[in-house]
Amino acid sequence: MSTSTKRDNSEITEILEKIDMEYWLNREAVEYKVARGSRGVQLNIRECPVCGNSNWKVYMGQESGLGNCFHGDCEAKFSKWSFIKASLGDLNNREIVDHLKTIAEEQGFTVKRTEYKPAERGALKMPKSMTLPVGGRNLKYLQERGITNDTTKDFGLRYCQKGWFEYIDHEGERKLQNFSSRIIIPIYDLDGNLVSYQGRDITGTSEKKYLFPNGFASTGSIIFNGHNAFGYKDVCMGEGVFDVMAIHQAFQEDDALCNVAAIGSFGKHLSHGDESSQLAQLLKMKDAGLKRITIMWDGEKVALNDAVDAALMLHGVGFVARLARLPKDKDPNEVDAQVVRDAFLNARVINTTSAIKLKMELM
Ligand SMILES: [Zn+2]
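Everything in the sequence shown is counted per our numbering, starting at 1 for the first residue and increasing by one.
Okay, structure coming up:
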């Protein structure tokens, strides 16, 4: 091995050590959740870059970047290097090294030995933005997605024309993250504290449709709109924020359903295990009176299977759990309000027996 190769290798090791996988996942718009388990903070990633399974089977240590795919036929093991390499596909090693150097620079590292400090999250502030609708007029983007002015107000949507989220990076340096031309969807915990937000690109030109403020993407412990559903007996759980808005709107239009609250899981999976998990949040809502949860993810087979599993878990902790079925490959934001209401009204109660039956039907 030549001296220069040796130097390269130690340089890469050093860069890899400093790469914050959450930063990288956010940057590359890889869908993930933060899960706190017995082995510390884990990143739970939706799609395995090796086998392509998208059932949230990949877990990775937040700090170490070491992980596994738990999909039966795959069982790939990951390091930061192998995960990034597999995710980027066709790049050769040299190109990956260049990519890693870019990431390191973006994170504010010069490639020399400096002490690693964990990210200081600092305060979460909204980027400069305006309340929607403006003077009774809504954004064309929201109108085209069928979101009414009332729903816009109910969810506190804002528009950031030109604005940044300011944070302190690993090196203690002030950094800016651009949220310009994005709708800001605030995310609150059950107590109504702002804990994160999503910035939805409306230009259609950004490589990232959704952006979280850096270091605040912990949606694995949040039930979207849960603070507004607190104290309700009956809720319907969608997946993404626009699905939840569509469900909310469909129910508001119908007197018989306007006492059913819409909440969101941020993915086709419910985190469980400790008191910051999504299941723990739902149990807090149960203490406040919640009895029935109807899951309404999309109508695709894998999603339905995941929904049955989640419903069984909810059944197991004493909820009346139901599964609502939308037309194949549709989510609540892609169908008429009446279709959403019908799916809710015709939802099936899930218990051990019906779950087996449904799984057979889905095979
Ligand atoms: Zn896999």
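C-beta atoms are modelled at their ideal positions from N, C-alpha and C, and glycine is treated no differently.
Hey, would you say the C-beta of residue i is under 7 Å away from at least one heavy atom of ligand 1?
i, result
"V50", "yes"
"N57", "For clarity, residue 57 is Lys in the given sequence; the question names Asn instead. K57: yes, Cβ under 7 Å from ligand 1."
"A76", "yes"
"H269", "no"
"N53", "yes"
"C69", "yes"
Report, in whole angstroms, the separation of the C-beta atoms of residue i and residue j, which I expect to be a contact under 8 Å.
i, j, result
"Y59", "Q42", "5 Å"
"K33", "S271", "6 Å"
"N68", "G220", "Rounded, the Cβ-Cβ distance is 18 Å, inconsistent with contact."
"H170", "Q252", "Going by Cβ atoms, the distance from H170 to Q252 rounds to 44 Å, so no, they are not a contact pair."
"L290", "V235", "6 Å"
"H127", "F212", "Before going on, a small fix: residue 127 reads as Pro here, not His. Going by Cβ atoms, the distance from P127 to F212 rounds to 12 Å, so no, they are not a contact pair."
"R158", "E166", "Incorrect: roughly 17 Å between the Cβ atoms, too far for contact."
"L326", "V335", "6 Å"
"D73", "C48", "Not really, about 10 Å apart at Cβ, beyond 8 Å."
Helix, strand or coil: how does DSSP classify residue i here?
i, result
"G226", "helix"
"A256", "coil"
"Y141", "helix"
"T102", "helix"
"N92", "coil"
"W24", "helix"
"V340", "helix"
"D298", "coil"
"D329", "coil"
"K284", "helix"
"K360", "Note that residue 360 corresponds to Met in the displayed sequence, not to Lys. Correct three-state label for M360: helix."
"G72", "coil"
"W164", "strand"
"F78", "strand"
"V317", "coil"
"V308", "helix"
"G388", "No answer is possible for residue 388: the residues shown for the chain start at 1 and end at 363."
"T148", "coil"
"I187", "strand"
"M130", "strand"
"A261", "strand"
"G61", "strand"
"I270", "The sequence given here places Leu at residue 270; Ile does not occur at that position. L270: coil per DSSP, three-state reduction."
"K125", "coil"
Once the 5 residues before and after residue i are set aside, which same chain residues still bring their CB inside 7 Å of it?
i, result
"G156", "P186"
"F224", "I187, V241, V244, I263, G264 and F266"
"D254", "R341"
"A415", "Outside the modelled stretch of the chain, which goes from 1 to 363, sits residue 415, for which no answer is possible."
"S276", "R36 and S221"
"R182", "C160, G199, R200, D201, I202 and L211"
Under 6 Å Cβ to Cβ from residue i, same chain only, skipping five residues before and after it: list those, please.
i, result
"N333", "F242, D243 and A246"
"L31", "This sequence places Glu at residue 31; Leu is not what is there. These residues qualify, in order along the chain: R46."
"D274", "R36"
Just to confirm my understanding: we take residue i, look at its own chain, exclude 5 residues before and 5 after, and list those with CB closer than 8 Å. What are they?
i, result
"E75", "N68 and C69"
"C258", "F251 and Q252"
"V349", "V320, A321 and R322"
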